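Down below is the structure, laid out as structure tokens.
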Amino acid sequence: MKIPSAHGRTGLAITNKSIYFIGIFIAAFYLFHHHLFTNHRTFFSDLPDHIQIIRGILAGRLTALPHPGFHIAVFLFSRISSTSLESSATILLALAVTLHVLTIIILFRKALVVPCSASRLYLMALVPIIASAIYLPSFNKHIYLGQWYAYAWHNPTAIFTRPFITALFIYVATFYRNATSRKKLYVSSILLLLSTIIKPSFSLAFVPALWLYSVLRYRNDPRSYQKSLIITLPTLLVLLVQFIFIYINLPTRRDAIIVNFLHAWKFYSPNVGVSLLLGLAFPLAISLSRLKNILKNDAFKLVWLTTAIAIIQAVFFEEKLSFAEGNLFWGYTLCTGLLFMYASIELMNWLSEKGDSKNNLKKGITVLIFLMHILSGLIYTKRIFTGVGDF
């Protein structure tokens, strides 16, 4: 049998990667196309509303948009490519999903202790896109609503901001390990700023988490405060402007943030504690099983701290008039995606190690919980891509 040459193997690998990313783009394009051009009640999505926002601004009916990143990108792409706003949004969102998978692959490569095969790596990179909260129909007929962990395909700004958030954490992993270059800090600052302009929800949890982690973990190192300041200062200024626009100066939205313990969450969940457990079962299992390793991992701990702050925000606060829209849950939704990435990385590292029967039992239970998230996510994804059933 003839053995393929190194050149042939390289060409085959490039072909396989191209098929992989093209397949992701086509699948995402198919979904977003249906969001815009199929019955809105069948393929539920916020995308048509965001297209109308762009048209409202162009027509002068709307005068301000506090987080316009996605809308500006769609408008500019539409003008450059001479395509409709709908087509531009569909293409950009499909590209965002594809780019997000690429950033996940890069993050996995940098964080894995033991290198794994390309096929396994590319398969695992799809896990954060597919996985969801564990589905218990006897508890809640919804997989996403109430549990708030899934890819949330219906929300374009959440989709569009994810690649920037994941790319940010590619750099976060090096913040505290060594003397991070100013260039990396500036890139991180830009990534966080862009994610905030697109959707501020993640930054509202990440900014206080980064400062709190610097104080708790590296309080005697003044460089950690300098790093945090470089990364967060532009975003803090933008968040302030956004708050003024949304809750003070925006004439079409007279709302306010109020303290109302669990009120908004209970609107969607029969039991908030159970919903949290269903959403965080796998990250909790891997963290408890690998606690010593987690405590050495600055990035994983920072993700957990950011998630905890996002949970506190969702539990204690709500928008007074529009609490049912669940806008304060978005930080938690975006954080759980990152949390699942780092939990998946830790699981892959763990599975590469040899252990005794007790350790293997822990592995088995953790893998089972992991698979429950995947199975639930496949059910959720099927509902989303077929436009059938509650999400």
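For the sequence shown, the positions run 30 to 420 when the numbering used here is used. Heads up, the beta-carbon is just placed ideally off N, CA and C, and yes, glycines get one too. Every value quoted in this text rests on a predicted model; they were computed, and no experiment measured them.
May I ask you to report which of helix, strand or coil DSSP gives residue i?
| i | result |
| --- | --- |
| residue 382 | coil |
| residue 408 | helix |
| residue 402 | helix |
| residue 287 | strand |
| residue 346 | strand |
| residue 79 | helix |
| residue 248 | coil |
| residue 58 | helix |
| residue 183 | coil |
| residue 33 | The predicted model places residue 33 with a pLDDT of 46, which falls under 50 and marks its position as unreliable, so this point remains unresolved. |
| residue 335 | helix |
| residue 52 | helix |
| residue 203 | coil |
| residue 353 | helix |
| residue 162 | coil |
| residue 63 | helix |
| residue 169 | coil |
| residue 230 | helix |
| residue 389 | helix |
| residue 240 | helix |
| residue 74 | coil |
| residue 178 | coil |
| residue 253 | helix |
| residue 326 | coil |
| residue 298 | coil |
| residue 235 | helix |
| residue 45 | helix |
Please report the Cβ distance between residue i and residue j, rounded to the nearest whole angstrom; I am assuming they are in contact, meaning their Cβ atoms lie under 8 Å.
| i | j | result |
| --- | --- | --- |
| residue 95 | residue 271 | 4 Å |
| residue 331 | residue 260 | Contact flag wrong, Cβ pair sits at about 12 Å. |
| residue 197 | residue 217 | 6 Å |
| residue 194 | residue 224 | 5 Å |
| residue 54 | residue 123 | 5 Å |
| residue 420 | residue 58 | Incorrect: roughly 20 Å between the Cβ atoms, too far for contact. |
| residue 406 | residue 181 | Contact doesn't hold; Cβ gap of about 12 Å is too wide. |
| residue 408 | residue 199 | With 8 Å as the limit, residue 408 and residue 199 do not qualify as a contact, their Cβ atoms being about 31 Å apart. |
| residue 190 | residue 137 | Rounded, the Cβ-Cβ distance is 20 Å, inconsistent with contact. |
| residue 184 | residue 75 | 5 Å |
Check for me: the beta strand (DSSP E) holding residue i runs from which residue to which?
| i | result |
| --- | --- |
| residue 417 | Per DSSP, residue 417 belongs to no beta strand (DSSP E) and is neither H nor E. |
Would you give the residue range spanned by the alpha helix (DSSP H) that residue i belongs to?
| i | result |
| --- | --- |
| residue 142 | Here residue 142 belongs to no alpha helix (DSSP H), and DSSP marks it neither H nor E. |
| residue 90 | That residue, residue 90, is in no alpha helix (DSSP H); it is neither H nor E in DSSP. |
| residue 212 | 211 to 227 |
| residue 302 | 301 to 318 |
| residue 98 | 98 to 110 |
| residue 159 | 156 to 159 |
| residue 294 | 292 to 295 |
| residue 150 | 147 to 153 |
At a Cβ threshold of 8 Å, is residue i touching chain C?
| i | result |
| --- | --- |
| residue 108 | In the structure shown, chain C does not exist; there is a single protein chain. |
Exercise. Would you call the segment 377 to 389 and the segment 134 to 150 touching, i.e. three or more CB-CB distances under 8 Å?
Worked result: yes
I'd like to know if the segment 302 to 321 and the segment 354 to 373 are in contact, where contact means that at least 3 CB-CB pairs between them fall below 8 Å. yes
Flag this pair as touching only if the segment 393 to 404 and the segment 157 to 166 have three or more C-beta atom pairs under 8 Å; answer yes or no. yes
For this session: Go through the segment 113 to 140 residue by residue and report every complete run of the alpha helix (DSSP H) that reaches 4 residues or more, in order.
Result: 114 to 140
Counting Cβ pairs, one atom from each stretch, are 3 or more of them under 8 Å apart for the segment 342 to 357 and the segment 317 to 328?
no
| Cβ pair count under 8 Å reaching 3, the segment 84 to 93 against the segment 219 to 232 | no
Requested in this report: Could you say if the segment 354 to 369 and the segment 293 to 310 meet the contact criterion of at least three C-beta pairs nearer than 8 Å?
Outcome: yes
Item checked: Meets three-Cβ-pair contact criterion under 8 Å: the segment 47 to 65 and the segment 119 to 133 -> yes
- Query: Counting Cβ pairs, one atom from each stretch, are 3 or more of them under 8 Å apart for the segment 143 to 157 and the segment 332 to 339?
  - Reply: Output reads no: the segment 332 to 339 does not touch the segment 143 to 157.
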